Structure formats: C-alpha cells, structure tokens
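Using my numbering, you'd call the opening residue of the sequence shown number 4 and step up by one each time. Down below is the structure, laid out as structure tokens.
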Amino acid sequence: MKKKIKIALTLLTLLISATVIYLKFIKQNKIEIPKITLFGNNIIQITEGNTYDEPGYKATDPNDGDITKNVKIKGLVQTEKIGTYELIYSVTNSKGETAKAVRFIKITKPETNTYKDTYNNIDSTSRGWWANNKFDGKRPSGGADINELKKYDAFYMGPDEKTLYLTFDEGSLETYVKEIVDILDQNNVKATFFLCQKFIETNPELIKQMANTGHTIANHTANHLNMPSLATKENFSKYLNEIKEVEQTYYKITGKEIEKVYRDPKGEWSYRDLQIIKDLGYKTYFYSAYYMDFGEDISKEKALNELTKRVHNGAIYLIHPKNKGNYLALDTFIKNMKKQGYNFDLVKNIN
Numbered sequence: 004m005k006k007k008i009k010i011a012l013t014l015l016t017l018l019i020s021a022t023v024i025y026l027k028f029i030k031q032n033k034i035e036i037p038k039i040t041l042f043g044n045n046i047i048q049i050t051e052g053n054t055y056d057e058p059g060y061k062a063t064d065p066n067d068g069d070i071t072k073n074v075k076i077k078g079l080v081q082t083e084k085i086g087t088y089e090l091i092y093s094v095t096n097s098k099g100e101t102a103k104a105v106r107f108i109k110i111t112k113p114e115t116n117t118y119k120d121t122y123n124n125i126d127s128t129s130r131g132w133w134a135n136n137k138f139d140g141k142r143p144s145g146g147a148d149i150n151e152l153k154k155y156d157a158f159y160m161g162p163d164e165k166t167l168y169l170t171f172d173e174g175s176l177e178t179y180v181k182e183i184v185d186i187l188d189q190n191n192v193k194a195t196f197f198l199c200q201k202f203i204e205t206n207p208e209l210i211k212q213m214a215n216t217g218h219t220i221a222n223h224t225a226n227h228l229n230m231p232s233l234a235t236k237e238n239f240s241k242y243l244n245e246i247k248e249v250e251q252t253y254y255k256i257t258g259k260e261i262e263k264v265y266r267d268p269k270g271e272w273s274y275r276d277l278q279i280i281k282d283l284g285y286k287t288y289f290y291s292a293y294y295m296d297f298g299e300d301i302s303k304e305k306a307l308n309e310l311t312k313r314v315h316n317g318a319i320y321l322i323h324p325k326n327k328g329n330y331l332a333l334d335t336f337i338k339n340m341k342k343q344g345y346n347f348d349l350v351k352n353i354n
C-alpha cells in the first residue's frame, strides 16, 4: 500500500513539474503580434460630394512600441460617387508579423429638402414660449394648446405621471455642461442637452462621453438664430443650414446620426416653423418649468428653491448650464425629487 502511495506521489510530482515546464515554454514562445486601433467608427457615412476626413488610427507592438508611422492604407474613397468603399489598414513589426484593420466608407445621396407651397398657408407669426406655472404642483398651460402641438410633433410636458425631464439649453461656450454631466452620471440620471454647432465642434470628447453614457444630444441650431424668420421660401436654404450643420458636425465627431430632437433658440417659434422641422423628421420639445436663470450671480440656494417650487407631474425643465447656481443645486434637487418618488427620463420618450 505504501509503495502504491509513493508511486502515485512520484507521478503527481512529475506531472506538476511537466506542467510548470510546459507553461514556461508557452510563455517564452508566446506569439505577440502588433495591433491597429481605428479612431472613430468602422463604418462612416458621408453625403455625396463632401470631403472624407480620416479619423485617424494608432498601431502598437509589444516589442517595437508605437509603430503608427509604419501603417499602410489600401483602398480609394470616391466621394463624388455613391457606393461603399473599403479601406484596409496594415502594419508589420520587426519580426515580420502583420496586423490588419478594415473601415467602410458609405457615400450616400444628399437629402432633397425643398420649400413646400403649402407652408405659405401656415401661420408664420413668431411667438415667445411661456408656461404659467403656479408653484402649486398642478400641471400648467403653455404658449399653445397641448393637443394642437401634437399635430406638429411638439410637446411641452410629459404624461401626468411622477416623471421629470431635465433639459439644458446651451447658447454660449462658457458653461458648466461637463460638471453637470458628472452630477447626472453620479445620480444615474439621463438628460437632454440642446446644443449649438460650435459647442459640439469644440468639445468632441465630452460629446462622445455624453452620447456613450445615454444622454441625448439635441439640435439647437448652428447659430442660435430666430428660426421663424428663416421659415420662408427666400430664406429656406439658411433654415436648412442651421439644422444640417449641427447634424454634420455631430456625425463627424461620433460617426452616428444625431437624435431627431429639437428646440428653437430663445423659445421663439411659429406654427410654420414647427411644420417644417417636423417634415425634417424632428420632434420639438418646449418646457413647462423654468425661471429667469440668466444671472450668473444666482446662488445654489436660490436655484434649488426655484427648481423645487416648479415641480409638477411630467414637468420638462429648461435649465441654462451657464448658471453656476443651477449646477451647484442639481445634485440636491435630484436626490430630493427621488425621495419624493419622482423618476427622471429623456424627452424623446414623450409621445
């Protein structure tokens, strides 16, 4: 019996030794190949006639380090011709080992948006948006009948439920958007950000972060102009440019189409304007809870009080991220509302 046990232990020892030697051999002879990382999306869509801008790439190797300069690109993109083009990226390290990556470029036909004669029959009077919030918890009326607005895919409140919708309007580059996003993410709350072209263009990493974490980046026009004044046959190309330039900038940064969520700058709107933006595939979202938060000296306490006393079921909040008081009050406001049983959602989910 003892002899059998001794033999078994000896075999076990030999097996363990063999395993250790094998693992060491595998580690010493492990094949390590280079890697190519493509920036941007692997599938990029461009409108016919526009320029293709290479998003970039990086190549690394365990032994050679950064070998990006050795990357070779095979393929041709003809932006003047509709179709799908393949770009093949390849790199070889000092041991002769090669890595490859592929990107597809889709050239699509431009959208044809024209001014319809029927637009002339729609009221073009420029109006300012308002909501008569009474601070009593009741749902307010607004600048237009809520059912009439639905004909234009436009809304200013959500359903009569304990859900709040936080929206932020950016009209300048000096804002607390990044800090606000951090607060939202810490509280697991998603919000809608109505942004102009310049802000999107100058904050690419923040925009990608916001999109990746589930916030809505919405169209607030390129230059924050009065859109009803452009909703004419003579100015229609300018109207389209205000919308399309935001779309193109967002796509260039993220490789994705922007959400078809819209708000007119400064709350200036007309029924004709609503119809045109609807025909462009957008839904418009006004607001039912807001206060005069333009003053940069507004304190956290005042902001918290103003936000809190305007709460009602389905409230769409308009908040300006330039105001530091709003940013400082946001965390407490969210926590207080959750304690009262309110949920938070994105306006795009209002139908």
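Backbone N, C-alpha and C fix where the C-beta goes; we use that ideal spot for every residue, glycine too. Only a predicted model underlies this, so the values are computations on that prediction, with no experimental measurement involved.
Buried or exposed, going by whether 16 or more other CB atoms sit within 10 Å of the CB of residue i?
{"i": "Gln-343", "result": "exposed"}
{"i": "Asp-276", "result": "buried"}
{"i": "Gln-81", "result": "exposed"}
{"i": "Lys-273", "result": "According to the sequence provided, residue 273 is Ser. The question's Lys does not apply to it. Buried is the call here."}
{"i": "Pro-162", "result": "exposed"}
{"i": "Pro-37", "result": "buried"}
{"i": "Asp-156", "result": "buried"}
{"i": "Phe-202", "result": "buried"}
{"i": "Phe-138", "result": "exposed"}
{"i": "Thr-178", "result": "buried"}
{"i": "Thr-1", "result": "Limits of the chain in this structure are 4 at one end and 354 at the other, which puts residue 1 out of reach."}
{"i": "Ile-29", "result": "Any reading at Ile-29 is ruled out, since the residue's pLDDT is 46, under 50, leaving its predicted position unreliable."}
{"i": "Lys-75", "result": "exposed"}
{"i": "Lys-112", "result": "exposed"}
{"i": "Glu-237", "result": "exposed"}
{"i": "Glu-151", "result": "exposed"}
{"i": "Lys-98", "result": "exposed"}
Would you check if the distance between the CB atom of residue i and the CB atom of residue j is smaller than 7 Å?
{"i": "Asn-316", "j": "Lys-193", "result": "no"}
{"i": "Thr-50", "j": "Ala-62", "result": "no"}
{"i": "Trp-132", "j": "Phe-297", "result": "no"}
{"i": "Asn-191", "j": "Ile-337", "result": "no"}
{"i": "Thr-252", "j": "Gln-200", "result": "yes"}
{"i": "Phe-197", "j": "Ala-214", "result": "no"}
{"i": "Ala-332", "j": "Ala-292", "result": "no"}
{"i": "Leu-233", "j": "Asn-116", "result": "no"}
{"i": "Pro-268", "j": "Phe-171", "result": "no"}
{"i": "Glu-245", "j": "Ala-225", "result": "yes"}
{"i": "Tyr-55", "j": "Leu-41", "result": "no"}
{"i": "Tyr-265", "j": "Ile-280", "result": "yes"}
{"i": "Ile-19", "j": "Phe-107", "result": "no"}
{"i": "Glu-309", "j": "Tyr-294", "result": "yes"}
{"i": "Ile-183", "j": "Asp-334", "result": "no"}
{"i": "Ala-104", "j": "Ile-39", "result": "yes"}
{"i": "Gly-146", "j": "His-227", "result": "no"}
{"i": "Gly-284", "j": "Lys-263", "result": "yes"}
{"i": "Thr-219", "j": "Thr-195", "result": "yes"}
{"i": "Ile-353", "j": "Phe-158", "result": "yes"}
{"i": "Phe-239", "j": "Tyr-118", "result": "yes"}
{"i": "Asn-206", "j": "Glu-271", "result": "no"}
Hey, how far is the Cα of residue i from the Cα of residue j?
{"i": "Ser-144", "j": "Glu-208", "result": "39 Å"}
{"i": "Leu-169", "j": "Thr-257", "result": "23 Å"}
{"i": "Thr-235", "j": "Ile-85", "result": "31 Å"}
{"i": "Lys-77", "j": "Pro-65", "result": "24 Å"}
{"i": "Glu-304", "j": "Ala-102", "result": "57 Å"}
{"i": "Arg-130", "j": "Ile-110", "result": "40 Å"}
{"i": "Tyr-254", "j": "Ile-261", "result": "7 Å"}
{"i": "Gly-328", "j": "Leu-349", "result": "23 Å"}
{"i": "Met-160", "j": "Leu-167", "result": "9 Å"}
{"i": "Lys-153", "j": "Leu-79", "result": "47 Å"}
{"i": "Ala-318", "j": "Arg-142", "result": "8 Å"}
{"i": "Glu-83", "j": "Glu-89", "result": "15 Å"}
{"i": "Asp-148", "j": "Asn-136", "result": "15 Å"}
{"i": "Thr-311", "j": "Asp-67", "result": "58 Å"}
{"i": "Asn-326", "j": "Asp-282", "result": "34 Å"}
{"i": "Gly-43", "j": "Asn-53", "result": "18 Å"}
Following a CB-centred definition, is residue i positioned closer than 6 Å to any heavy atom of the ligand FAD?
{"i": "Ile-47", "result": "Summarising the ligand content, the structure contains no ligands, and the ligand FAD is consequently not present."}
>> Between the stretch 92-112 and the stretch 123-130, can you find at least three pairs of beta-carbon atoms closer than 8 Å?
In response: no
> In the stretch 162-201, which residue ranges form an unbroken beta strand (DSSP E) of at least 3 residues, counting only runs that do not cross its ends?
Replying inline: 166-172 and 195-198
>> Extract the residue ranges of the beta strand (DSSP E) inside the stretch 286-340, only unbroken runs of 3 or more that lie entirely within it.
In response: 286-288 and 319-322
>> Suppose only complete runs of 3+ residues qualify. What are the beta strand (DSSP E) ranges in the stretch 75-130, listed by chain order?
In response: Counting only runs of 3 or more, we get 75-77, 86-95 and 101-111.
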